[in-house]
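Trainee: Structure below; questions to follow.
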Amino acid sequence: MEGEQQAPHVLIFPLPFQGHINSMLKLAELLSIAGITVTFLNTPHSHNQLIHHSDVLSRLSRFPAFRFHTIIDGLPPDHPRTIKFFAQIISSFDSITKPIFRNWLVSGHFGSNLTCVVLDAFFKNFVDGNDDEVKQPIFGFRTISACCIWAYHCVPHLIDDGQLPIRGYPKGTRGGYFYDPKDNKVFVSTNATFLEEDHIGSTNRTPQSLRKPRRSGRVTNLPLHYVSLTETLHVISNSKFEDPLTFKKAIEDMDKDEWNKAMNLELESMYFNSVWDLVD
Numbered sequence: 011m012e013g014e015q016q017a018p019h020v021l022i023f024p025l026p027f028q029g030h031i032n033s034m035l036k037l038a039e040l041l042s043i044a045g046i047t048v049t050f051l052n053t054p055h056s057h058n059q060l061i062h063h064s065d066v067l068s069r070l071s072r073f074p075a076f077r078f079h080t081i082i083d084g085l086p087p088d089h090p091r092t093i094k095f096f097a098q099i100i101s102s103f104d105s106i107t108k109p110i111f112r113n114w115l116v117s118g119h120f121g122s123n124l125t126c127v128v129l130d131a132f133f134k135n136f137v138d139g140n141d142d143e144v145k146q147p148i149f150g151f152r153t154i155s156a157c158c159i160w161a162y163h164c165v166p167h168l169i170d171d172g173q174l175p176i177r178g179y180p181k182g183t184r185g186g187y188f189y190d191p192k193d194n195k196v197f198v199s200t201n202a203t204f205l206e207e208d209h210i211g212s213t214n215r216t217p218q219s220l221r222k223p224r225r226s227g228r229v230t231n232l233p234l235h236y237v238s239l240t241e242t243l244h245v246i247s248n249s250k251f252e253d254p255l256t257f258k259k260a261i262e263d264m265d266k267d268e269w270n271k272a273m274n275l276e277l278e279s280m281y282f283n284s285v286w287d288l289v290d
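Numbering (the working numbering), first residue to last: 11 to 290.
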């Protein structure tokens, strides 16, 4: 009927990887349930993978206002398009797909009633916010979990606090000290228990008796590397002081020599027992 209000029309454009596509397909389905017209934009490669390896066509067939649309990614047909080539894919999108997408928005390629565009957050620079020719509002959609978003939020604070980059010790050495990003020495708590470095050599290797069989009939031997395992406890002499809250405070602590000694004990244990590999 003339004058009847048209349903809103949303264009959804995910990053062409399975996790991103699945998340934004769920968004598209929810919008379709609400009676909103949805155009789901995808690359031909991802679209073919989607329709051949999922039930997406039958799942969304109940929404007559839903439709798929494809846009080229600029890569050759034999390109593997895996996460290993992420940089190549993004570069191709930026140089080839981006201008095509922008022209489609300006020319009304998706229809004159396009209400808004929901882009994968990785495409946040696909449309210039100052481009007066693009009339539709652009929204970024994060497909990752809330926990991951919170981690991204916290990373800058961890860097400012000196907790990142993660500390390590030089490759090809037996350690000695850990380092923080500003090349200050790092110490660990001495209120800890460390394995003796020579416990393997002192272990008695004589045969052991078997335990009684369990109901299943299986027989269990006590592991040799746990036999006669001893421990050495090293404690800060002055117990009225609590462990420093930060590494810098540990460096300035009155018991820094004790902290250093404990650190060396732990690194010796790691080296002789092959608990950790030396890393850059």
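Quick reminder that beta carbons are idealized off the backbone N, C-alpha and C, glycines included.
What number of angstroms, rounded off, separates the C-alpha of Gln15 from the C-alpha of Ala97?
Mentor: As a position in the sequence shown, residue 15 is number 5, starting the count at 1. As a position in the sequence shown, residue 97 is number 87, starting the count at 1. For Gln15 and Ala97, the distance between alpha carbons rounds to 44 Å.
Trainee: Specify the secondary structure class of Asp263 as computed by DSSP and reduced to three states.
Mentor: As a first step, residue 263 is located in the sequence shown; it is residue number 253 there, counting from the start. It is coil, neither helix nor strand.
Trainee: Which two residues bound the contiguous beta strand (DSSP E) that contains Gly150?
Mentor: Within the sequence shown, numbered from 1, the residue matching residue 150 stands at position 140. Its beta strand (DSSP E) spans residues Ile148 to Phe151.
Trainee: With DSSP as the reference, label His167 as helix, strand or coil.
Mentor: Your numbering for residue 167 matches position 157 in the sequence shown. Helix.
Trainee: With DSSP collapsed to three states, give me the class of His79.
Mentor: Here the question's residue 79 lines up with position 69 in the sequence shown. Three-state result, His79: strand.
Trainee: Which runs of the beta strand (DSSP E), 3 residues or longer, sit entirely within the stretch 84-149?
Mentor: 124-130
Trainee: Can you tell me where the alpha helix (DSSP H) with Leu292 in it begins and where it stops?
Mentor: Residue 292 lies beyond the stretch modelled for the chain, which goes from 11 to 290, so this question has no answer here.
Trainee: Run through DSSP, which three-state label would Ile154 get?
Mentor: As a working note, residue 154 is residue 144 in the sequence shown. Three-state DSSP puts Ile154 in coil, outside helix and strand.
Trainee: What number of angstroms, rounded off, separates the C-alpha of Phe136 from the C-alpha of Arg112?
Mentor: The count along the sequence shown starts at 1 and reaches residue 136 at position 126. The count along the sequence shown starts at 1 and reaches residue 112 at position 102. Distance between the alpha carbons of Phe136 and Arg112 is about 8 Å.
Trainee: Taking 8 Å as the cut-off, does the stretch 20-33 touch the stretch 142-158 (at least 3 CB pairs, one atom from each stretch)?
Mentor: yes
Trainee: Leu168: buried (16+ other C-beta within 10 angstroms of its C-beta) or exposed?
Mentor: Sequence index remark: in the sequence shown, residue 168 carries index 158 (1-based). Classification of Leu168: exposed, given that the 10 Å Cβ count is below 16.
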